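Going by the UniProt record's numbering, the sequence shown opens with residue 1, and the numbers climb by one from there.
Here a beta-carbon is modelled for each residue, glycine too, at the ideal position from N, C-alpha and C.
Please read these numbers as outputs of a predicted model, since none were measured by experiment.
Reviewing the structure listed below.
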Amino acid sequence: MLILGLTGSIATGKSTVSREFQEKYHIKIIDADVLARKVVEPNTPCLIKIQKEFGNEVLHEDGTLNRAKLGQAVFQDAGKRSLLNSIIHPAVRLEMLKELLRCYVRGYSIVILDVPLLFEAKMQFICWKTICVSCDKSIQKQRLLARNPELTAEDAENRVQAQMPLELKCQLADIVIENNSDLETLYENIHNVLPLITPSYFFTLLCLILPPLQITLQVIAFVSQKKKVSEFRKHI
Numbered sequence: 001m002l003i004l005g006l007t008g009s010i011a012t013g014k015s016t017v018s019r020e021f022q023e024k025y026h027i028k029i030i031d032a033d034v035l036a037r038k039v040v041e042p043n044t045p046c047l048i049k050i051q052k053e054f055g056n057e058v059l060h061e062d063g064t065l066n067r068a069k070l071g072q073a074v075f076q077d078a079g080k081r082s083l084l085n086s087i088i089h090p091a092v093r094l095e096m097l098k099e100l101l102r103c104y105v106r107g108y109s110i111v112i113l114d115v116p117l118l119f120e121a122k123m124q125f126i127c128w129k130t131i132c133v134s135c136d137k138s139i140q141k142q143r144l145l146a147r148n149p150e151l152t153a154e155d156a157e158n159r160v161q162a163q164m165p166l167e168l169k170c171q172l173a174d175i176v177i178e179n180n181s182d183l184e185t186l187y188e189n190i191h192n193v194l195p196l197i198t199p200s201y202f203f204t205l206l207c208l209i210l211p212p213l214q215i216t217l218q219v220i221a222f223v224s225q226k227k228k229v230s231e232f233r234k235h236i
């Protein structure tokens, strides 16, 4: 089973790419955003910690998380954002590992981890290849403002700046899918990536019946991604 990482920045089109992989090519997607919502459901350890650190104002009256309030609290404060990530990321990683184990047992050939903060959370180290969805910064802001008309231009800029620079993500990624044009062009770019990420049926079968092969594959992936990060740091 090949584990791939899919990432991007806000409003670059990552969700569209993820949906195309899943719906047209029937590739299993593990969505970190879905898992992140799961781990902050009422009475979960994560939500209790968030309430303790950020106060009751980040909760609705029914005890569910008020994402708008929490977003306002962390988007312009790197320290609070780091604190929130330290609460949520470990829980999401655990849920993701559980999902990966289920996928392996069920014989999936490819699983894509859809993780907005793939590199920030250091999730690339379990991925054979990483994919970043990219677009020009001006297009990114236009899409963000069109998607969220309640935001001001300053709000949009703050949300873009709150994430790792997109150009750095592209440098760290093994594959970059450009999304500067229309949907038809994007779908063509996705299709062109498939030969780079699709294992043979024989390889998938071997990984399933020989668990040591899967473990070896993960070790190779870890070493490869570690080397890539080391090389990247030498040039910054």
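Cut-off 6 Å between Cβ atoms - residues of its own chain near residue i, not counting five sequence neighbours on either side
i	result
T16	none
For residue i: DSSP bridge partner residues
i	result
S224	According to DSSP, S224 bridges with nothing at all.
S134	E178
T7	C132
V111	I3 and K28
L59	L65
7 Å Cβ cutoff, residue i in contact with chain D
i	result
S18	Going by chain labels, chain D is absent from the structure shown, which holds only one protein chain.
Residue of the options minimising C-alpha distance to residue i
i	options	result
E41	D77, A91, L2 and L83	A91
K52	V229, K80 and Q163	K80
R147	G13, L6 and L4	G13
V115	V105, E95 and L101	E95
L101	S230, Q218 and R233	Q218
K169	L210, P199, F222 and R233	R233
Q171	I209, E231, K24 and A68	E231
Buried or exposed by the 16-neighbour rule on C-beta atoms within 10 Å, applied to residue i
i	result
P195	exposed
H60	exposed
L2	buried
A11	buried
R37	exposed
G55	exposed
K227	exposed
T7	buried
N179	buried
S138	exposed
R19	exposed
Cut-off 8 Å between Cβ atoms - residues of its own chain near residue i, not counting five sequence neighbours on either side
i	result
Q225	Q124, F125, C127 and T130
E157	K141
L4	I110, V111, I112, L113, C127, W128, K129, T130, I131 and I197
C103	M1, K28, I30 and V111
H191	none
Cβ-based neighbour list, residue i, same chain, cut-off 7 Å, excluding 5 preceding and 5 following
i	result
A73	F54, V58 and K80
V46	Note on identity: in this sequence residue 46 is Cys, with Val being the wrong assignment. Here the set comprises V39, V40, I87, I88 and A91.
I27	F21, I110 and I112
Q163	S9 and I10
Check: Is there contact here, the stretch 31 to 45 with the stretch 107 to 126, by at least three beta-carbon pairs under 8 Å?
Finding: They touch, by the three-pair rule.
Do the stretch 104 to 115 and the stretch 196 to 208 meet, that is, are 3 or more Cβ pairs less than 8 Å apart?
Verdict: yes, contact present.
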